[in-house]
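J.:
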Amino acid sequence: QVQLVESGGGVVQPGRSLRLSCVVSGFSFNSYGMHWLRQAPGKGLEWVAVISYDGRVKYYADSVKGRFTISRDSSKNTLYLQMNSLRPEDKGVYYCAKEYTQIVVTWATDHRGHGTEVSVSS
Amino acid sequence: QSALTQPASVSGSPGQSITISCTGSSRDIGASNYVSWYQQYPGEAPKLVIYDVNRRPSGISNRFSASKSGSAASLTISGLQAEDEANYFCGSYTRGDTLVFGTGTMVTV
Numbered sequence: 015q016v017q018l019v020e021s022g023g024g025v026v027q028p029g030r031s032l033r034l035s036c037v038v039s040g041f042s043f044n045s046y047g048m049h050w051l052r053q054a055p056g057k058g059l060e061w062v063a064v065i066s067y068d069g070r071v072k073y074y075a076d077s078v079k080g081r082f083t084i085s086r087d088s089s090k091n092t093l094y095l096q097m098n099s100l101r102p103e104d105k106g107v108y109y110c111a112k113e114y115t116q117i118v119v120t121w122a123t124d125h126r127g128h129g130t131e132v133s134v135s136s
Numbered sequence: 036q037s038a039l040t041q042p043a044s045v046s047g048s049p050g051q052s053i054t055i056s057c058t059g060s061s062r063d064i065g066a067s068n069y070v071s072w073y074q075q076y077p078g079e080a081p082k083l084v085i086y087d088v089n090r091r092p093s094g095i096s097n098r099f100s101a102s103k104s105g106s107a108a109s110l111t112i113s114g115l116q117a118e119d120e121a122n123y124f125c126g127s128y129t130r131g132d133t134l135v136f137g138t139g140t141m142v143t144v
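From first to last, the protein sequence lines are chains F and G.
Quick note, the first sequence lines up with residues 15 to 136 if you use the numbering used here.
Quick note, the second sequence lines up with residues 36 to 144 if you use the numbering used here.
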């Protein structure tokens, strides 16, 4: 079955970096766009970034543009989120999520992982 | 990008129909054919019930239907059942090539 497992979260100081990973299985990773989502404590779900099935197209939320980079490695069935210049407001649980449809990004997700927690504090 | 607005709660009796609204703007729902709806039980991952405004994924009951008018979308659950009691939230692509989610609606049966 479809599985997505995030890792790489932790506690970091403001201004530092973290790289999140999401290892997937149970579907053809090469055929689907992938998203990163996050949820801050007590807040609603927030979209962070998306990458196309082939890695050529990437879009970011305004709140992370210029600081975060989404990437993928098909040889490792792994999605990444490089987070630089972290701010306290980046705190939350980060989820990777699979696009519902193959190839085309329709901005709907049908599976996500259990998340990895990021805390930014001095 | 502000979150899409949904009512905090909606309730109905078994067998009835309910409708959940999702209000956005001309920059998101009003400009998008990519509106989706999710069902989420406490402690569980969300389940996609509608995509592309009104399309149901395989395996989703036809009791779930959705539509869009202007800058607002809606999800209707007909023949309400106890198992439909959950949190529902919408999502929409925006003109800025981003995705925005709704505030969520708790459905009580």
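C-beta atoms are modelled at their ideal positions from N, C-alpha and C, and glycine is treated no differently.
Just so you know, these numbers come straight off a predicted model, no measurement behind them.
On the DSSP bridge assignment, give the partners of F:LYS90 in chain order.
T.: Note: F:LYS90 sits in no beta bridge, so no partner.
J.: Among the residues of its own chain, which have a CB less than 8 Å from the CB of G:SER71, if the five just before and after it don't count?
T.: Once the five neighbours on either side are set aside, the close Cβ partners of G:SER71 are LEU83, ILE85, TYR86, ASP87, CYS125, GLY126, SER127.
J.: In whole angstroms, what is the alpha-carbon distance linking F:MET48 and G:GLY78?
T.: One C-alpha to the other measures close to 22 Å.
J.: Identify the continuous beta strand (DSSP E) that holds G:ALA108 and give its terminal residues.
T.: Looking at the DSSP string, the run of the beta strand (DSSP E) that includes G:ALA108 is 107-112.
J.: Taking the Cβ atom as the reference point for each residue, do F:TRP121 and G:LEU134 lie within a distance shorter than 8 Å?
T.: Result yes, Cβ atoms of F:TRP121 and G:LEU134 sit closer than 8 Å.
J.: With DSSP collapsed to three states, give me the class of G:ALA121.
T.: Here G:ALA121 sits in strand by DSSP.
J.: Below 8 Å between beta carbons is the criterion; list the residues of the region 73-92 of chain F that meet it against any residue of chain G, in chain order.
T.: So the list reads TYR73, TYR74, ALA75, ASP76, given in the order they occur along the chain.
J.: Does G:THR143 pass the burial test, meaning 16 or more other C-beta atoms within 10 Å, or should it be called exposed?
T.: G:THR143 is exposed by the Cβ-count criterion.
J.: In chain order, what residues of the same chain have a beta carbon less than 8 Å from the beta carbon of G:GLY131, not counting five sequence neighbours either side?
T.: Taken in chain order, the residues that qualify are GLN36, ARG62.
J.: On a Cα-Cα basis, can you pick out the residue from F:ILE84, F:VAL78, F:SER77 that is closest to F:ARG70?
T.: Nearest option by C-alpha distance: F:ILE84.
J.: Determine whether the beta carbon atoms of F:TYR109 and F:GLY129 lie at a separation below 8 Å.
T.: Result yes, Cβ atoms of F:TYR109 and F:GLY129 sit closer than 8 Å.
J.: Are the C-beta of F:ARG126 and some C-beta of chain G separated by less than 8 Å?
T.: It does: the Cβ of F:ARG126 has a partner Cβ on chain G nearer than 8 Å.
J.: Starting from G:SER44 and walking both ways along the beta strand (DSSP E), at which residues does that stretch end?
T.: Its beta strand (DSSP E) spans residues 44-46.
J.: I'd like the list of long-range same chain contacts for F:VAL26, defined as Cβ closer than 7 Å, with 5 residues on each side in sequence excluded.
T.: So the list reads LEU32, LEU100, VAL134, once near-sequence residues are dropped.
J.: Quick one: Cα of G:ILE112 to Cα of F:TYR46, how far?
T.: Approximately 29 Å between the Cα atoms of the pair.
J.: Would you kindly check if the distance between the Cβ of F:PHE41 and the Cβ of F:THR16 is under 8 Å?
T.: Just to set this straight, residue 16 of chain F is Val in the shown sequence, not Thr. In contact: F:VAL16 and F:PHE41 (Cβ atoms closer than 8 Å).
J.: Could you check whether the Cβ of F:THR130 sits closer than 8 Å to any Cβ belonging to chain G?
T.: No, F:THR130 lies away from the interface with chain G (no Cβ there is under 8 Å from its Cβ).
J.: With 8 Å as the threshold, decide whether the Cβ of F:GLY58 is near any Cβ in chain G.
T.: For F:GLY58, the answer is yes, since a Cβ of chain G falls inside 8 Å of its Cβ.
J.: Near G:SER100, which residues of its chain fall below 6 Å by C-beta distance, leaving aside the five closest residues on each side in sequence?
T.: For G:SER100, where only same-chain residues beyond five positions count, the Cβ hits under 6 Å are THR111.
J.: In this structure, does DSSP put G:GLY137 in helix, strand or coil?
T.: Reduced to three states, the DSSP call for G:GLY137 is strand.
J.: Compare the beta carbon distance of G:GLY114 and G:GLY47 with 8 Å and say whether it is the shorter of the two.
T.: Contact: no.
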